[in-house]
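Okay, so the sequence shown: first residue is 329 according to this note's numbering, each after it adds one.
Glycine included, C-beta positions come from ideal geometry on N, C-alpha and C.
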Amino acid sequence: YSGVEYEQYAFLNRATGPYWWAYWAMMSCNVFSPQFMWFKKLRTSIMFSFFISIVVNIGMWFERFVIIVTSLHRDYLPSSWTMFSPTFVDIGIFIGTIGFFFVLFLLYARTFPVIAQAEVKSILKSSGERYKKLREAGKPLYKIEKMNVLTVKEEPITDDVLMGEVVPAKDNDQSVSELLSSIGTFDSATQKPDDLKKIKGVGPQMEATLNDIGIFTFAQVGRMTKREYDLLDSITESFPGRAQRDDWAGQARLLSSKNTNK
C-alpha cells in the first residue's frame, strides 16, 4: 500500500511466485465463486448455497496458507529463502483440527430432534399430494374465504349526547335544584362567570354542561362536597367520580382566592 518496493515484490510474488497456485486458489474460492450468488435461481438453491459455503471455507484455508507461507519463504536475505515442506507435526495438526471438528459436531448431533420417518411421510402424503394435484390442474394453491360484511346502522346524535359528554336530562330538575340549593345560584346581574376550564378535568364541553346546570363560578364549585359530587354525577351521567378524583372543589377555591387577591 505504501509503494515500497519490498511490499510490491511481496504482492507480486504471491500471484506469480512459486506458490502462485495457492494465491489463485484463494482468489477463486473467496472472490470468484461467490459471484454466482448474483443469480436468484442459484442463491435460492439450498444445495448450491451449501456447495458455495464449502468452497469459501476451503478458500479461507488457502488464505491462511498464503499469508503465512508466502510471507516467510522469501525473507529480506536471499540466503534465508526456502520452500515450505510440511513436517509430520504440521500434517498431524491439520488432521487433528479436522478430527476435533467432527468430534464437536457429533457431540452436538446427539441433541438433534428425532422425527419419525413414518410421521414425515404421512404428513407429505396428506399435504403434498393435494398441492401437486392443484398445480397440475392449474388451480390456485390458496383459497380466499368470503367475508360476511357486517352493516352497522348509525344512530343519530340526540341532544343528550354531544362530544362524548352527557347534557343534563330534562327529568333531572329536582336533582339540579337540590344541587344549586347546596352550592348556591348564579345571579347574572351582580356576578361575573368564571373560566371553569382552568379547573383540571373541565373542558369546553364540560364547562357548557356545568353552565346548563347553573354552575358558573369558582365559588359554586368550591362548595362541593361528596354529596354534591354524587348529585353532579347523577345529573351528567358521564365520567363518574372524576370531579371528586380531580378535587374540583379544592382547585376552585384556590382559583377563587387568586382572583380575589388580584
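Where does the unbroken alpha helix (DSSP H) through residue i begin, and where does it stop?
{"i": "Ser373", "result": "From DSSP, Ser373 is part of no alpha helix (DSSP H); its letter is neither H nor E."}
{"i": "Pro532", "result": "Pro532 to Ile541"}
{"i": "Tyr557", "result": "Lys554 to Thr564"}
{"i": "Gly427", "result": "Phe416 to Ala437"}
How should residue i be labelled, buried or exposed, when 16 other C-beta atoms within 10 angstroms of its C-beta is the threshold for buried?
{"i": "Ile426", "result": "exposed"}
{"i": "Ala465", "result": "exposed"}
{"i": "Asp523", "result": "exposed"}
{"i": "Trp576", "result": "buried"}
{"i": "Gln548", "result": "buried"}
{"i": "Glu447", "result": "exposed"}
{"i": "Ile423", "result": "exposed"}
{"i": "Met375", "result": "exposed"}
{"i": "Gly387", "result": "buried"}
{"i": "Ile396", "result": "exposed"}
Please classify residue i: does DSSP put it in a helix, a strand, or coil?
{"i": "Leu462", "result": "helix"}
{"i": "Gln548", "result": "helix"}
{"i": "Val591", "result": "Residue numbering for the chain in the displayed model covers 329 to 590; residue 591 lies beyond these limits and cannot be assessed."}
{"i": "Phe514", "result": "coil"}
{"i": "Val332", "result": "coil"}
{"i": "Lys520", "result": "coil"}
{"i": "Lys528", "result": "coil"}
{"i": "Asp501", "result": "helix"}
{"i": "Gly578", "result": "helix"}
Under 7 Å, do residue i and residue j count as touching if we go by C-beta distance?
{"i": "Tyr334", "j": "Thr398", "result": "no"}
{"i": "Val394", "j": "Tyr351", "result": "yes"}
{"i": "Lys542", "j": "Leu508", "result": "The identity of residue 542 in the sequence shown is Gly, whereas the question assumes Lys. Cβ atoms of Gly542 and Leu508: closer than 7 Å."}
{"i": "Asn341", "j": "Arg402", "result": "yes"}
{"i": "Ala580", "j": "Phe546", "result": "yes"}
{"i": "Asp561", "j": "Pro568", "result": "yes"}
{"i": "Gly529", "j": "Arg570", "result": "yes"}
{"i": "Ala353", "j": "Phe390", "result": "yes"}
{"i": "Thr588", "j": "Thr564", "result": "no"}
{"i": "Leu559", "j": "Ser503", "result": "yes"}
{"i": "Ser361", "j": "Val383", "result": "yes"}
{"i": "Ser510", "j": "Glu556", "result": "yes"}
{"i": "Phe378", "j": "Leu370", "result": "no"}
Just to confirm, does residue i get its C-beta within under 6 Å of one of the non-hydrogen atoms of the ligand ADP?
{"i": "Asp574", "result": "Because no ligand of any kind appears in the structure shown, any question about the ligand ADP cannot be addressed here."}
Note down, one range per segment and in chain order, each alpha helix (DSSP H) of at least 4 residues found wholly within the region 347 to 412. Within the region 347 to 412, the complete alpha helix (DSSP H) runs of at least 4 residues fall at 348 to 355, 368 to 371 and 374 to 400.
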